[in-house]
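Numbers in the numbering used here are just positions in the sequence shown, counted from 1, shifted up by 4. Ideal placement from N, C-alpha and C gives every residue a C-beta, glycine not left out.
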Amino acid sequence: MEEGDRKDFISRIGTFFLLIGIGLMWLFIVSDMGNETKFTFFFISVISLVLGWYFKRITAPPPKPGARFEGLRKLAQKQREAKAKRAEASKKKK
Numbered sequence: 005m006e007e008g009d010r011k012d013f014i015s016r017i018g019t020f021f022l023l024i025g026i027g028l029m030w031l032f033i034v035s036d037m038g039n040e041t042k043f044t045f046f047f048i049s050v051i052s053l054v055l056g057w058y059f060k061r062i063t064a065p066p067p068k069p070g071a072r073f074e075g076l077r078k079l080a081q082k083q084r085e086a087k088a089k090r091a092e093a094s095k096k097k098k
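Written out as C-alpha cells, the structure is:
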C-alpha cells in the first residue's frame with residue numbers, strides 16, 4: 005500500500021467515525037426527548053467524533069502560508085534587494 009493510498013484510507017476511516025458519531029449523537033438526543041436518556045450513546049458518539057476528527061486531521065495537507073502580511077513581506081524583500089544592489093554598486097566603485 006503506497007503512502008497516498010494509506011492516507012486516503014485513513015481519511016475514509018475518519019469520515020466513517022465522524023458519521024457514526026453524528027448518528028449516535030442524534031440517537032442520544034432522540035432518547036433524551038423520549039424521556040429515556042441513554043448516556044451510552046452520548047459517550048460513544050463523543051469518542052467516535054474525536055477519533056474521526058483525529059484521523060481526518062493527521063491526513064490533512066499542511067496549511068498554506070498565511071497571506072496576512074504578504075504585502076509587508078514583498079516590501080521587505082524589495083528593500084533587501086535594493087540594499088544588496090547598492091552595496092554591490094558601492095563595491096564596484098571602489
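- With a threshold of 16 other beta carbon atoms within 10 Å, L79 falls short and is exposed.
- For K78, the enclosing alpha helix (DSSP H) starts and ends at E74 to K97.
- Separation of F21 and G27 (C-alpha to C-alpha, rounded to the nearest whole angstrom) is 10 Å.
- G38 sits in coil when the DSSP states are folded into three classes, being neither helix nor strand.
- Judged by beta-carbon spacing, G25 lies within the 8 Å limit of G56, meaning their Cβ atoms are closer than that value.
- Secondary structure of K11 (DSSP, three-state): helix.
- Burial is judged here by how many other beta carbons sit within 10 angstroms of a residue's own beta carbon; G18 has at least 16 and is buried.
- The beta-carbon distance between F32 and F13, rounded to whole angstroms, is 29 Å. This is too long to meet the 8 Å contact definition.
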